[in-house]
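Per the numbering used here, the sequence shown runs over residues 25 to 440.
Read the structure below first, then the notes.
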Amino acid sequence: MPANFLHGVETIEIEKGPRPIRAVKSAVIGLVGTAPIHTVDPEFRTVNEPVLILNERDGVKYFGQPATGYTIPYALDAIFDQGAGIVVVVNVFNPAVHKDNNNQPDPTKVIAADIIGGVDPSTGKRKGLQAFRDCYNLMGFFPKILIAPVYGTLNSVASELNAMAHALRAMAIVDAPVGTTFSQVIAGRGPNGTINFNYSSERMILCYPHLKVYDTATDTERLEPYSQRLAGVIAAKDIEKGYWWSPSNTEIKGIVGVERNLSAMINDPNCEVNILNENGITTVFNSFGTGIRTWGNRSAAWPTITHPKNFINVRRTADILHESIEYSMLQFIDYPINDALIDAICESVNSFIRTLIARGALIDGKCYFTEAKNPPTEIALGHLTFDMEFMPPTPAERITFESFINIEFLKNLGGK
């Protein structure tokens with residue numbers, strides 16, 4: 025407030041107008057599993073703590089080399105094979121607790137409850153999957169792609185991954201169990217299924233089958249979960265193209281085959297890969313000369329939900345838009361409500377939407393204020409409501425050509 029009296033000159037800074045909105049990170053994978061931390065430097069050993077990993081070197085430093093029975097080192101190798109990404113890793117293996125009868129570290133002693141986690145009553149610290157809730161306070165962002173390779177095949181873990189994905193506005197990727205047949209995976213979408221696929225969630229991605237990887241240590245091929253490679257593909261695609269691109273039809277790097285060969289023809293609706301996609305299952309496309317590619321645009325919400333949000337890239341684009349705007353509104357909270365504030369909020373959001381349109385993340389969109397949704401009684405309570413409309417691009421999942429034999433073209437014969 026200006027002084028009551030001043031014999032001189034003063035300048036009063038008044039903040040007005042729109043504010044820039046910064047997009048939240050999308051290419052962040054949340055990985056929970058087990059690591060042989062007893063083999064690494066004690067300084068870097070962690071249990072039930074989120075650790076930010078940016079490259080293979082850091083992965084080895086904190087979680088060791090790939091070893092039989094442990095999931096994190098193999099998953100990190102699979103993710104970074106795809107080329108890029110950020111991984112927040114939570115190791116639940118504690119060598120002081122998970123031991124065999126000879127008092128040796130034993131990863132088989134880790135159970136679903138360890139992965140799911142909770143809150144330690146003695147320390148108040150979150151454990152397992154629940155530790156991802158601390159990521160924003162610790163790192164300034166949440167993981168947006170959640171995986172628990174191997175353990176995600178358990179229905180109990182899949183259910184909690186789904187719940188955490190809803191809490192963090194993320195996508196959870198789960199695999200069918202090793203050995204599941206094509207018929208069993210389709211049946212798994214129904215009430216009589218015996219696997220972890222009976223979900224209709226727009227935040228779950230169902231993966232089948234497992235993938236084959238060459239193991240240099242044993243000079244043999246081994247099976248590994250598809251989910252960890254798909255997570256890497258999504259993160260790399262986010263960085264290279266943008267989160268509004270579908271992860272489908274992208275080559276999977278670092279694999280030599282698949283658990284089960286599936287018929288794949290781009291023009292055959294009855295081939296096995298198409299039937300899997302038709303039932304909301306992401307699979308692999310492997311035909312003559314194509315290489316092994318991710319195949320599937322839709323979450324587990326399909327076919328129950330036909331709204332565009334069942335497309336993985338549409339759901340993720342909406343998440344990034346909503347969260348980016350919400351975080352940016354902190355700078356407007358508790359300001360006096362007047363026309364200047366309303367205009368500043370609308371223009372801030374519309375400026376961000378225009379940026380996303382220019383990048384190709386949105387087809388169109390707008391934010392606006394309507395009096396009908398903001399009666400004086402609500403404004404008197406300090407509550408403002410804005411409408412926001414937008415449309416991300418849907419993937420070109422189906423391309424149709426209508427072919428006609430046109431006898432009129434015969435008139436061109438003979439140079440006529």
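Note that the Cβ used here is the ideal one computed from N, Cα and C, for glycine as well.
For clarity, every value in this text was computed on a predicted model and none was experimentally measured.
The count of Cβ pairs closer than 8 Å, one atom from the segment 243-258 and one from the segment 116-129, stays below three, leaving the stretches out of contact. GLY389 is the residue among ARG213, ASP367 and GLY389 whose C-alpha sits nearest the C-alpha of PHE376. For ASP239, no alpha helix (DSSP H) run applies; the uninterrupted beta strand (DSSP E) run containing it begins and ends at 235-239, by DSSP. Counted as a single uninterrupted DSSP element, the alpha helix (DSSP H) harbouring ASP367 occupies residues 363-383. Look at VAL113 here: in three-state DSSP terms it is strand. Taking a contact to require three or more Cβ pairs closer than 8 Å, the segment 192-202 and the segment 228-235 qualify as touching. Contact annotation: THR318 and ILE229 have beta-carbon atoms that are not nearer than 8 Å. Inclusion of SER272 and ASN321 in the CB contact set at 8 Å is warranted, their separation being smaller than that value. Take the alpha-carbon of ASP292 and the one of ARG422: they are about 12 Å apart. Closest in alpha carbon position to GLN128, among ASP243, ASP239, PRO60 and VAL52, is PRO60.
Boundaries of the alpha helix (DSSP H) around ILE96: 96-105. Judged by DSSP secondary structure, ARG213 falls outside any alpha helix (DSSP H); it is assigned neither H nor E.
Here DSSP, grouped into helix, strand and coil, assigns ARG246 to strand.
Here the alpha carbon of ASN186 sits roughly 53 Å from the alpha carbon of ASN430.
Judged by DSSP secondary structure, ARG81 falls within the alpha helix (DSSP H) whose first and last residues are 80-87. The Cβ-Cβ distance between ALA194 and ILE171 does not fall below 8 Å. A distance below 8 Å between beta-carbons, with the five flanking residues on each side excluded, links PRO66 to no residue of its chain. Only buried fits ASN298, as 16 or more other CB atoms lie within 10 angstroms of its CB.
When secondary structure is reduced to three states using DSSP, TYR267 falls in the coil class, being assigned neither helix nor strand.
In the three-state DSSP reduction, TYR160 falls in the helix class (H, G or I). Sequence-distant partners of LYS333 (beyond 5 residues in either direction) whose C-beta falls short of 6 Å from its own C-beta, in its chain, are GLU226 and ARG339.
Here ALA91 has PRO60, THR63 and PRO97 as same chain residues with Cβ atoms under 8 Å from its own Cβ, once five neighbours each way along the sequence are excluded.
Secondary structure at TYR175: helix, using DSSP grouped into helix, strand and coil.
Sorting TYR175, LEU300 and VAL112 by C-alpha distance to the C-alpha of ILE139 places TYR175 at the top.
In the DSSP assignment, THR306 falls outside any alpha helix (DSSP H) and within the unbroken beta strand (DSSP E) covering 305-309. Distance check between THR424 and each of LEU300, PRO400, GLY266 and ILE290 places ILE290 closest, using alpha-carbon atoms only. Here the segment 206-220 does not lie against the segment 155-170, with fewer than 3 beta-carbon pairs under 8 Å apart. If you look at ILE53, you'll find it in the beta strand (DSSP E) that goes 52-57. When the five nearest sequence neighbours on each side are left out, the beta carbons in the same chain lying within less than 8 Å of the beta carbon of GLU80 are those of LEU100, ASP101 and PHE104, in order along the chain.
The residue among ARG150, GLU248 and ALA325 with its C-alpha nearest the C-alpha of VAL71 is ARG150. Check the Cα spacing between LEU153 and each of PRO400, ASP124 and MET188: the tightest is with MET188.
The beta carbon of LEU78 lies closer than 7 Å to those of ILE110 in the same chain, with the five residues before and after it left out. Residue nearest to TYR160 within the set GLU402, GLY107, VAL112 and ALA260 is VAL112 (criterion: CA-CA distance). Annotated three-state conformation of LEU286 is coil, per DSSP. Residues of the same chain with a CB within less than 6 Å of the CB of ALA136, apart from the 5 flanking positions on each side, are LEU178, SER180 and VAL181 in chain order.
In chain order, PHE166 place their CB closer than 6 Å to the CB of LEU192, counting only its own chain and leaving out the 5 sequence neighbours on each side.
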